[in-house]
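Enquirer:
Residue numbers (UniProt numbering): 1 to 436.
(1) Assign residue 116 to buried or exposed, taking buried as 16 or more other Cβ atoms, counted over all protein chains shown, within 10 Å of its Cβ.
(2) Hey, is the region 402–413 in contact with the region 147–161, meaning 3+ C-beta pairs nearer than 8 Å?
(3) If contacts are defined as beta-carbon pairs under 8 Å, then residue 236 and residue 308 qualify, I think. What distance do you get, rounded to the angstrom?
(4) Taking Cβ positions, are residue 61 and residue 188 nearer each other than 8 Å?
(5) Leaving aside the five residues before and after residue 263 along the sequence, list all residues of the same chain whose C-beta is less than 8 Å from its C-beta, in chain order.
(6) Alpha carbon to alpha carbon, how far is residue 226 from residue 518? Give it in angstroms, no decimals.
(7) How would you label residue 425, buried or exposed, when you count the other beta carbons within 10 angstroms and need 16 or more for buried?
(8) Select from 23, 324, 151, 301 the residue whose C-alpha is nearest the C-alpha of residue 206.
(9) How long is the line joining the alpha carbons of residue 245 and residue 317, rounded to whole angstroms?
(10) Who are the near neighbours of residue 108 in its chain, counting only those whose CB is closer than 8 Å to its CB and skipping five residues on each side?
(11) Taking just the CA atoms, how far does residue 221 sit from residue 228?
(12) DSSP state of residue 280, grouped into three classes?
(13) Spatial neighbours of residue 431 within its chain, please: C-beta separation below 6 Å, excluding the five flanking residues on both sides.
(14) Between the C-alpha atoms of residue 427 and residue 355, what's the straight-line distance to the nearest angstrom?
(15) What residue does the beta strand (DSSP E) around residue 159 start on, and which one ends it?
(16) Could you pull the start and end residues of the beta strand (DSSP E) that residue 312 belongs to?
(17) Are residue 343 and residue 200 touching if we call contact CB-CB under 8 Å?
(18) In the structure shown, what three-state DSSP assignment does residue 228 receive?
(19) Under the assumption that residue 185 contacts residue 414 (Cβ atoms under 8 Å), give the Cβ distance between them as a whole number of angstroms.
(20) So, with DSSP's three-state summary, where would you put residue 513?
(21) What is the DSSP secondary structure of residue 83, reduced to helix, strand or coil?
(22) With DSSP as the reference, label residue 437 as helix, strand or coil.
(23) For residue 119, which residues does DSSP report across the bridge?
(24) Is residue 104 helix, strand or coil when you go by DSSP?
(25) My assumption, with CB atoms under 8 Å, is that residue 437 sits in contact with residue 304. Please give the rounded CB distance.
(26) By Cβ distance below 7 Å, which residues in the same chain neighbour residue 287 in space, the five residues on each side in sequence not counted?
(27) Compare the Cα-Cα distances from residue 48 to each of 327, 234, 140 and report the closest residue.
(28) Using the Cα positions of residue 421 and residue 327, report the straight-line distance between them to the nearest angstrom.
(29) Strictly by DSSP, which residues pair up with residue 264?
(30) Beta-carbon within less than 8 Å of residue 175's beta-carbon, same chain only, minus the 5 sequence neighbours each way: which residues are those?
(31) Would you mind working out which of 433, 404, 387, 274 sits nearest residue 43, comparing C-alpha positions?
(32) Under 8 Å Cβ to Cβ from residue 15, same chain only, skipping five residues before and after it: list those, please.
(33) When the Cα of residue 480 is compared with those of 63, 45, 71, which residue comes out closest?
(34) So what does residue 325 bridge to, in DSSP terms?
(35) Check whether the Cβ of residue 250 lies closer than 8 Å to any Cβ atom in chain B.
Next comes the structure, spelled out in structure tokens:
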């Protein structure tokens with residue numbers, strides 16, 4: 001049966017109960033701050049939806065987000081932020097706002113806490129915004145604008161830095177930006193991600209570490225009918241490696257994932273291929289485990305080269321750490337979300353996926369909740385159904401809720417020095433446990 005937009009609006013996964021669950025009783029950290037945040041984001045709803053719709057309708061692949069770059073930077077300038085276009089990477093950007101109270105000046109700004117926020121922009125080949133980066137992008141915008149409004153309205157000292165991060169889908173754009181210094185000065189960094197799940201829920205599950213390898217095989221061409229013995233078949237090497245990895249999967253832990261695709265050029269059935277490439281992801285709950293399984297996968301690559309007489313070269317290797325949800329930030333997010341917007345789960349979200357924000361969470365305190373949007377069964381992330389789901393009104397309402405809660409967490413970072421000290425102490429303790 002064809003999936004329609006009306007199907008998506010009325011079916012939720014895993015249940016069909018669309019009523020908001022009862023919220024937990026009690027006040028949040030700063031009701032006055034949250035009131036400004038909610039009023040600001042509610043007021044921006046039409047503009048945020050229009051911005052999201054533009055990005056959704058013009059999907060761009062990793063590091064090609066030129067239209068999104070221009071739309072976001074124009075929007076942030078209109079909201080009174082200082083914007084740097086083409087920031088360190090061609091399609092990256094940064095929007096900043098700093099508020100100094102009476103008697104403060106630029107010389108004393110060094111004591112001001114800095115809230116970092118990320119907006120993703122890129123889409124997927126062939127299926128558009130099937131991971132909902134249009135929603136992630138406007139969530140970052142909403143958080144930053146709400147923080148600015150709270151600082152202005154209530155006279156709060158602080159700085160918010162919204163970073164437009166390209167190339168999340170396979171490009172590790174945040175890692176590249178980190179290496180270039182884009183995250184320097186941030187005390188914490190926040191973002192969020194849509195996924196299927198219970199209605200009116202946010203998830204604080206983590207995500208898997210991933211080792212990515214691009215492998216090139218080089219052989220020798222020959223006439224496939226006249227003299228095949230003169231060739232070294234690079235495609236055979238790739239097929240043999242693929243088959244070996246398929247067998248290896250029987251012997252890896254069920255929490256690990258290994259998956260890849262073929263590539264090649266100038267292939268024809270009457271020519272022994274002298275070139276073939278493969279792009280593989282090895283995922284595991286921790287970076288250490290991902291490296292261990294990746295070593296076994298590499299042995300399959302090497303064995304295939306030996307067996308076919310081809311040479312093998314790993315032309316690219318990238319590592320994305322598992323997502324570490326900061327515990328103190330997560331507790332604050334849970335408190336405000338349960339009291340105002342819905343329930344928290346630790347099962348749904350993006351637990352089985354990976355993100356380059358994992359690298360950020362290894363290097364500074366970070367929070368990256370998932371939030372549930374309406375989907376059809378079988379229509380989760382990286383499907384065409386999810387692309388359609390990411391454009392619905394209900395998906396945007398869920399996005400506004402999680403943005404409000406994250407903005408409130410961010411404002412506690414800016415206003416509660418003891419809270420920020422606990423965040424940093426907990427982060428350092430977790431690093432020590434991991435042996436970083």
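Heads up, the beta-carbon is just placed ideally off N, CA and C, and yes, glycines get one too.
Expert: Taking the coordinates as given:
(1) buried
(2) yes
(3) 5 Å
(4) no
(5) 276, 277, 278, 279
(6) A query on residue 518 cannot be resolved here, the shown segment of the chain reaching from 1 to 436 and no further.
(7) exposed
(8) 324
(9) 18 Å
(10) The predicted model places residue 108 with a pLDDT of 47, which falls under 50 and marks its position as unreliable; any figure quoted below should be read in that light. Excluding sequence neighbours, residue 108 sits near 100.
(11) 9 Å
(12) strand
(13) none
(14) 19 Å
(15) 158–165
(16) 311–320
(17) yes
(18) helix
(19) About 14 Å separates the two Cβ atoms, so there is no contact after all.
(20) The displayed coordinates of the chain run from 1 to 436. Any statement about residue 513 would go beyond what the structure contains.
(21) strand
(22) This structure cannot speak to residue 437, because the chain is shown only from 1 to 436.
(23) 164
(24) Confidence in residue 104 is poor, its pLDDT being 49 and thus under 50, which makes the residue's placement too unreliable to answer from.
(25) Residue 437 cannot be examined here, being either before or after the span of the chain that is shown, 1 to 436.
(26) 209, 319, 321, 322
(27) 140
(28) 13 Å
(29) Answer by DSSP bridge pairing: none, since residue 264 is not bridged.
(30) 318, 320, 356, 359
(31) 404
(32) Confidence at residue 15 is low in this model, with a pLDDT of 43, below 50, so its placement is unreliable and no value can be given for it.
(33) Summary: the structure shown does not reach residue 480, with the chain confined to residues 1 through 436, and so no result is reported for it.
(34) In DSSP, residue 325 forms no bridge with anything.
(35) The structure shown contains no chain B; it holds only a single protein chain.
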